[in-house]
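Step one of this worksheet: look at the structure below.
Protein chains in written order, with our numbering: chain A, 75 to 378; chain B, 191 to 678.
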């Protein structure tokens with residue numbers, strides 16, 4: 075009854091329910107007898123000159139069905155919530171039922187997850203049942219951003235390659251899923267210099283991976299890379315400890331080409347992977363991490 | 191034609207009190223003791239009892255390729271009917287069967303009235319079986335009436351208990367058979383031996399048993415009179431050329447008893463000897479001589495019994511017969527009645543029924559051996575990969591609608607240079623359904639030449655089979671539409 079502020083609404087609804095039940099009984103009693111014309115079994119009503127209403131009584135067992143519904147309603151209201159705010163003697167609630175079903179499902183899955191918790195990712199990857207569970211967890215929780223094939227898209231990392239931003243291995247994945255991760259590139263335009271400097275730097279960054287670039291601009295931009303080297307390293311290979319991506323491969327999480335790199339240097343980026351602690355259990359995350367880790371291995375076992 | 195009801199004098203509303211009686215609106219039903227009947231139509235009914243019940247009780251026991259021939263596996267959502275394997279997605283076939291049944295019912299009713307009610311309806315069939323048991327144990331109509339009127343004795347006790355026992359066993363067997371269409375009946379039989387049904391199996395076995403026992407043992411004609419919706423709306427399908435069970439009042443009246451030797455005309459009597467047998471055999475307890483009544487289920491028991499009486503009297507048969515209201519009123523010959531079958535209502539019903547049956551059969555014959563649903567990834571609509579190629583991700587649910595394992599090859603079409611990022615080998619076990627994730631890409635040139643937005647594409651999913659020499663032959667192909675999104 076939390077939808078209504080005033081308790082009077084509970085009395086109002088409960089009153090109508092109770093009065094409705096009593097009214098049903100009252101109607102059954104009142105309508106139990108009727109007058110008919112003794113000689114022809116009609117009610118004596120005549121319409122349109124000769125249309126007469128035949129007395130066609132209800133079978134008595136049908137009346138008992140009505141009585142049963144009234145009795146059923148009374149018993150139901152005593153056992154279950156329904157009469158105002160009365161909880162009923164079973165103390166049933168939809169959240170209680172949900173919790174009971176959850177507990178039952180968890181209890182049923184507990185031995186399975188207990189087995190999986192003790193297994194390292196390498197072994198889980200070979201277990202078809204674990205990978206089946208992992209796939210379903212992935213589709214339900216991760217695919218919305220990383221895609222059903224886990225190849226990601228702009229802003230959402232590809233999970234099937236070996237390019238990891240802040241660490242590597244199943245333990246790193248498990249930790250990232252559990253507590254989430256924030257990737258941050260600060261705006262560096264002021265440190266780099268003029269707009270032309272940024273453009274030149276962008277061309278140099280593109281040249282690191284052999285992507286299409288202006289060679290002259292790249293040569294001019296090379297000295298400016300010192301600003302970036304603090305995190306991305308002098309050779310641009312990145313630093314997992316700092317979460318700085320490798321700039322020498324062709325993985326472009328936030329877009330590819332001069333315009334995208336320029337925008338990144340100018341504006342920076344804060345990218346968030348939410349934490350799944352609380353939404354998924356530690357055991358589920360363990361299996362899920364093994365599944366994701368397995369996706370990035372060259373020989374991923376077929377699911378099912 | 192006989193009037194619908196005997197015509198009483200019209201009573202004015204403001205009639206005097208002496209004419210008014212107060213009655214209970216909740217009436218205790220008169221128990222009906224139908225007299226057993228034999229004859230042409232009784233034989234027909236019993237043939238249909240045997241036919242429908244052999245089918246109902248026997249079908250779950252039939253096997254087909256190491257499985258139950260007819261099995262509705264609700265747990266795994268697969269429905270096996272003979273060679274057919276149906277998915278919940280095939281609901282249209284169930285709809286088709288229901289529409290065909292409804293139109294067949296309309297057609298039969300328009301032509302010949304309540305054929306279904308009188309001969310094939312489970313309510314009639316089980317009542318017939320239960321009444322046969324009752325007759326075997328308690329005796330004929332008169333014996334049953336005497337037994338019910340008498341006080342409790344050892345004889346009455348054993349007869350009543352024996353009848354109840356047989357009824358309950360029949361009911362339980364029926365409930366068991368019903369559930370046997372949903373749980374493999376051999377499994378169910380093994381469970382029954384040790385009483386280890388699951389909760390829903392218990393519920394449905396007992397519920398269906400109780401319904402059979404109650405409806406066929408006790409409710410009987412009450413179901414037809416008060417509960418059955420078909421009995422209520424069939425009047426919309428009747429017209430004056432519909433075959434009904436009719437009493438030829440012109441020939442029968444005035445009714446009266448007479449000696450077999452006497453010539454009715456000299457006594458001023460019609461053919462009806464007023465033996466009342468037609469009332470005694472009626473399972474709904476009506477008098478057919480009052481004309482067409484909504485309670486009449488068209489079982490033709492009164493025809494059988496009246497014909498036997500006519501034979502004994504050496505009168506021609508057919509005082510009570512299948513005839514139409516027009517036929518009785520206008521004295522139509524059988525040939526004239528037959529001609530009236532071809533009236534617009536019947537022709538329209540036949541045409542619609544024929545079309546639906548045709549469509550249903552064609553659809554079933556051309557049914558694909560597999561099904562595919564294409565679901566786009568909705569979180570990320572599109573992505574750029576490898577310097578300018580655009581990729582979209584799709585999940586295809588492929589369902590094997592046969593009981594052989596299948597292999598598929600998938601192609602995608604609709605945009606220049608569109609292709610699958612990888613072509614996985616897809617193999618499905620019999621009756622298996624599986625999700626397959628596919629990335630589809632277009633080359634940079636197409637991406638630049640194509641306007642941003644969604645473009646129609648389609649997946650061609652082909653069945654691949656390998657012949658004895660190992661050569662790949664392609665089979666049925668399904669084309670499923672989807673869209674490809676090119677980002678801005």
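Yeah, the Cβ is synthetic: ideal placement off N, Cα and C, and Gly gets one too.
Looking only at DSSP bridge pairs, what is residue i linked to?
i              : result
residue 550(B) : In the DSSP output, where bridge partners are listed per residue, residue 550(B) has none listed.
residue 599(B) : 652(B)
residue 313(A) : 318(A)
residue 564(B) : 586(B)
residue 671(B) : 648(B)
residue 623(B) : 589(B)
residue 215(B) : Note: residue 215(B) sits in no beta bridge, so no partner.
residue 512(B) : 435(B)
Take residue i and list the residues in its own chain whose beta-carbon comes closer than 7 Å to its own, dropping the five residues that flank it on each side.
i              : result
residue 606(B) : 636
residue 157(A) : 88, 91, 92 and 151
residue 498(B) : 229
Are residue i and residue j close, meaning C-beta to C-beta below 7 Å?
i              : j              : result
residue 310(A) : residue 290(A) : no
residue 555(B) : residue 589(B) : no
residue 469(B) : residue 477(B) : yes
residue 630(B) : residue 602(B) : yes
residue 567(B) : residue 222(A) : yes
residue 317(B) : residue 401(B) : no
residue 365(B) : residue 378(B) : no
residue 487(B) : residue 307(B) : yes
residue 277(A) : residue 295(A) : yes
residue 585(B) : residue 540(B) : no
residue 367(A) : residue 213(A) : no
residue 231(A) : residue 327(A) : yes
residue 233(A) : residue 224(A) : yes
Run the CB neighbour count on residue i, radius 10 Å, all protein chains shown included, and call it buried at 16 or more, exposed below.
i              : result
residue 170(A) : exposed
residue 304(B) : buried
residue 298(A) : buried
residue 146(A) : exposed
residue 41(A)  : Residue 41(A) lies beyond the stretch modelled for chain A, which goes from 75 to 378, so this question has no answer here.
residue 330(B) : exposed
residue 574(B) : buried
residue 344(A) : exposed
residue 109(A) : exposed
residue 373(A) : Any reading at residue 373(A) must be qualified, since the residue scores a pLDDT of 49, below 50, and its modelled position is unreliable; the value itself is stated next. Exposed, since its Cβ has fewer than 16 Cβ neighbours within 10 Å.
residue 380(B) : exposed
residue 250(A) : buried
residue 217(A) : buried
residue 608(B) : buried
residue 643(B) : exposed
residue 192(B) : Note on residue 192(B): pLDDT 42, under 50, position unreliable in the model; the coordinate value appears next. So residue 192(B) ends up on the buried side.
residue 361(B) : buried
residue 378(A) : Below a pLDDT of 50, predicted positions are generally treated as unreliable, and residue 378(A), at 36, falls in that range; the measurement from the model is reported next regardless. The residue is exposed, with fewer than 16 neighbouring Cβ atoms inside 10 Å.
residue 165(A) : exposed
residue 255(B) : exposed
residue 386(B) : exposed
residue 494(B) : buried
residue 227(A) : buried
residue 359(B) : exposed
Give every residue of the same chain whose Cβ lies closer than 6 Å to the Cβ of residue i, excluding the five residues on either side of it in the sequence, and list them in chain order.
i              : result
residue 268(B) : 621
residue 118(A) : 111
residue 442(B) : 460, 461, 462 and 509
residue 316(A) : 305
residue 346(A) : 256
residue 318(A) : 305, 306 and 312
residue 446(B) : 459 and 464
residue 479(B) : 437
residue 491(B) : 227 and 471
residue 410(B) : 317
Is any heavy atom in the ligand MG found nearer than 6 Å to the beta carbon of residue i?
i              : result
residue 246(A) : Only the bare structure without any ligand can be found here, which leaves the ligand MG out of the picture.
Which same chain residues end up closer than 8 Å to residue i when comparing Cβ atoms and leaving out the 5 residues on each side of it in sequence?
i              : result
residue 432(B) : 299, 300, 301, 302, 303, 514 and 515
Which runs of the alpha helix (DSSP H) spanning at least 4 residues fall entirely within the segment 247 to 326 of chain B, listed in chain order?
281 to 302
Complete beta strand (DSSP E) runs within the segment 214 to 273 of chain A (minimum length 3 residues, chain order)
255 to 259
Where are the beta strand (DSSP E) runs, 3 residues long or more, that stay fully inside the segment 94 to 120 of chain A, in chain order?
Correct list: 107 to 111.
Pick out the complete beta strand (DSSP E) segments inside the segment 383 to 442 of chain B, 3 residues or longer, and give them in chain order.
433 to 437, all fully within the segment 383 to 442 of chain B.
Output the residue ranges of the alpha helix (DSSP H) runs that lie fully inside the segment 122 to 189 of chain A and measure 4 residues or longer, sorted by chain position.
134 to 153
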